[in-house]
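Undergrad: One structure, pasted below without further comment.
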Amino acid sequence: MKIFTTKKALTEHLEKLRGEGYTIGFVPTMGALHQGHLSLLASAQRQSDVTVCSIFVNPTQFNDPKDLEKYPRPIESDIAKLEQAGCDILFNPGVDEMYAPDEQWHLDLGELETLLEGKFRPGHYQGVTQVVYKLFDIVKPDLAFFGQKDYQQFLIIHRMIDLLKLQVKLVMCPILREPDGLAMSSRNIHLSAEDRQHAIVLSKTLNWLNENFDPNKIDLLQKECFGRINLEPSVKAEYFEIADGGNLHPAQPSTRNVVALVAAKVGNTRLIDNMILSS
Ligand code: PAF
Numbered sequence: 000m001k002i003f004t005t006k007k008a009l010t011e012h013l014e015k016l017r018g019e020g021y022t023i024g025f026v027p028t029m030g031a032l033h034q035g036h037l038s039l040l041a042s043a044q045r046q047s048d049v050t051v052c053s054i055f056v057n058p059t060q061f062n063d064p065k066d067l068e069k070y071p072r073p074i075e076s077d078i079a080k081l082e083q084a085g086c087d088i089l090f091n092p093g094v095d096e097m098y099a100p101d102e103q104w105h106l107d108l109g110e111l112e113t114l115l116e117g118k119f120r121p122g123h124y125q126g127v128t129q130v131v132y133k134l135f136d137i138v139k140p141d142l143a144f145f146g147q148k149d150y151q152q153f154l155i156i157h158r159m160i161d162l163l164k165l166q167v168k169l170v171m172c173p174i175l176r177e178p179d180g181l182a183m184s185s186r187n188i189h190l191s192a193e194d195r196q197h198a199i200v201l202s203k204t205l206n207w208l209n210e211n212f213d214p215n216k217i218d219l220l221q222k223e224c225f226g227r228i229n230l231e232p233s234v235k236a237e238y239f240e241i242a243d244g245g246n247l248h249p250a251q252p253s254t255r256n257v258v259a260l261v262a263a264k265v266g267n268t269r270l271i272d273n274m275i276l277s278s
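Quick note on numbering: numbering that gives the first Met the number 0 labels position 207 of the sequence shown as 206, and the sequence is numbered without any gaps.
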């Protein structure tokens, strides 16, 4: 695997590959890689000639400085995992390579930015779009792979692509889960052994909803799920929403593409999960 830390060197290398007719598949990450990330890479490998993964803990998308500080950064083991998985190129820039001092960014993401995650993490999606735009501009991928776990992020990036008319196709890859159902996340390592057990309530509740979903009882089911999560010790739901998967508005009985999304604090760790109920 070739490792680049500067935009210039990566751009030159990719230009050569593009000139030779290779397609480029891109997996942007913040590192602390787990099987979920590696499954994105596997999809990229199946669908493109050259795979580029980026590892960059993007400061502009953290609204809590403590969260940024404690974000895991196990770069050596991440590199080993990517090597082993057969990734072709890693882009691992420092903050100064990605940002000039006092850089400004604002994209009108509409109400999608103010719903769900947006309500609890103000400014988060401005930071995400800012860095993903920069990464797309450097890598110029044909395809970019994102996980369904960050469902709203996927919709937001889709919107950015539409707004800025970018030439990249997004691919959503399914959520990978631990054997007991917990969605894989870089944040899971912060869970204490006890909280790790309690965290299962998120996927359990989503599964329960999936089995009991009735489009005529959306409000009732939503309240029931929110309540089930809050019954679990040391778990506090921020939201549990049964939504239209296209725009994240509350789902109606007639909504065809329905997704349930949840965010909760488990001990001190904030986790998100979701499940597509019908599409
Ligand atoms: O999903 C993530 O890990 C991040 O939000 C992303 C897309 C790499 C941007 O920093």
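C-beta: ideal position from N, C-alpha, C; glycine also.
#1: List the endpoints of the continuous beta strand (DSSP E) containing residue 274.
#2: Below 7 Å CB to CB, which residues in the same chain sit around residue 94 once its five sequence neighbours on both sides are set aside?
#3: Less than 7 Å separating the Cβ of residue 5 from some heavy atom of the ligand PAF?
#4: Measuring straight from C-alpha to C-alpha, what distance separates residue 216 and residue 138?
#5: Suppose you measure from the CA of residue 24 to the CA of residue 266; what does that come to, to the nearest Å?
#6: My output table needs one value for residue 239: the three-state DSSP class, helix, strand or coil.
#7: Give the secondary structure of residue 219 by DSSP, where H, G and I count as helix, E and B as strand, and everything else as coil.
#8: Among 119, 173, 140, which one has its Cα closest to the Cα of residue 14?
#9: Pull up the DSSP beta-bridge partners for residue 249, would you.
#10: Does DSSP put residue 172 in a helix, a strand or coil?
#11: Do residue 131 and the ligand PAF come close, with the Cβ less than 7 Å from some heavy atom?
#12: So the candidates are 45, 1, 12, 78; which of them puts its Cα closest to the Cα of residue 28?
#13: Can you give me the C-alpha to C-alpha distance between residue 76 and residue 177, rounded to a whole angstrom?
#14: Please state whether DSSP places residue 258 in a helix, a strand or coil.
#15: Alpha carbon to alpha carbon, how far is residue 261 from residue 115?
#16: Which residue or residues does DSSP assign as beta-bridge partners of residue 53?
#17: To the nearest angstrom, how far is the alpha carbon of residue 51 from that of residue 219?
#18: Let me confirm a value: residue 128 is counted as buried when at least 16 other C-beta atoms fall within 10 Å, else exposed. Which label applies?
TA: Here's the rundown:
#1: The residue you call residue 274 lines up with position 275 of the sequence shown. 268-277 is the span of the beta strand (DSSP E), which, as asked, contains residue 274.
#2: As a working mapping, residue 94 is identified with position 95 in the sequence shown. Excluding residues within five positions, the ones whose Cβ falls inside 7 Å are 58.
#3: Your numbering for residue 5 matches position 6 in the sequence shown. No, since every heavy atom of the ligand PAF falls outside the 7 Å radius drawn around the Cβ of residue 5.
#4: Counting from one through the sequence shown, the residue named residue 216 turns up at place 217. Counting from one through the sequence shown, the residue named residue 138 turns up at place 139. Going from the Cα of residue 216 to the Cα of residue 138 covers about 45 Å.
#5: Locating residue 24 in the sequence shown gives position 25, where the first residue counts as 1. Locating residue 266 in the sequence shown gives position 267, where the first residue counts as 1. In a straight line, the C-alpha of residue 24 is about 37 Å away from that of residue 266.
#6: Taking the first residue of the sequence shown as position 1, residue 239 is located at position 240. DSSP places residue 239 in strand when its eight states are reduced to three.
#7: Numbered from 1 along the sequence shown, position 220 holds the residue referred to as residue 219. Note: residue 219 maps to helix in three-state DSSP.
#8: In the sequence shown, the residue the question calls residue 14 occupies position 15. Taking only the C-alpha atoms, the option nearest residue 14 is 140.
#9: Walking along the sequence shown from the start, residue 249 turns up at place 250. 242.
#10: Counting from 1 along the sequence shown, the entry for residue 172 is found at position 173. Strand.
#11: Reading the sequence shown from its first residue, position 132 is the one you call residue 131. The answer is yes for residue 131.
#12: As a first step, residue 28 must be located in the sequence shown, where it is residue number 29. Of the listed residues, the one whose Cα sits closest to residue 28 is 78.
#13: Residue numbering aside, residue 76 sits at position 77 when the sequence shown is read from its first letter. Residue numbering aside, residue 177 sits at position 178 when the sequence shown is read from its first letter. One C-alpha to the other measures close to 20 Å.
#14: Residue 258 sits at position 259 when you count from the first residue of the sequence shown. Residue state, collapsed to three classes: strand.
#15: Residue mapping note: residue 261 aligns to position 262 of the sequence shown, counting from 1. Residue mapping note: residue 115 aligns to position 116 of the sequence shown, counting from 1. So the alpha carbons of these two residues sit roughly 9 Å apart.
#16: Here the question's residue 53 lines up with position 54 in the sequence shown. Answer is 27, 90.
#17: Here residue 51 refers to the residue found at position 52 when the sequence shown is read from its first residue. Here residue 219 refers to the residue found at position 220 when the sequence shown is read from its first residue. Their backbone Cα atoms lie some 45 Å apart in a straight line.
#18: Taking the first residue of the sequence shown as 1, we reach residue 128 at position 129. Buried, by the Cβ-count rule.
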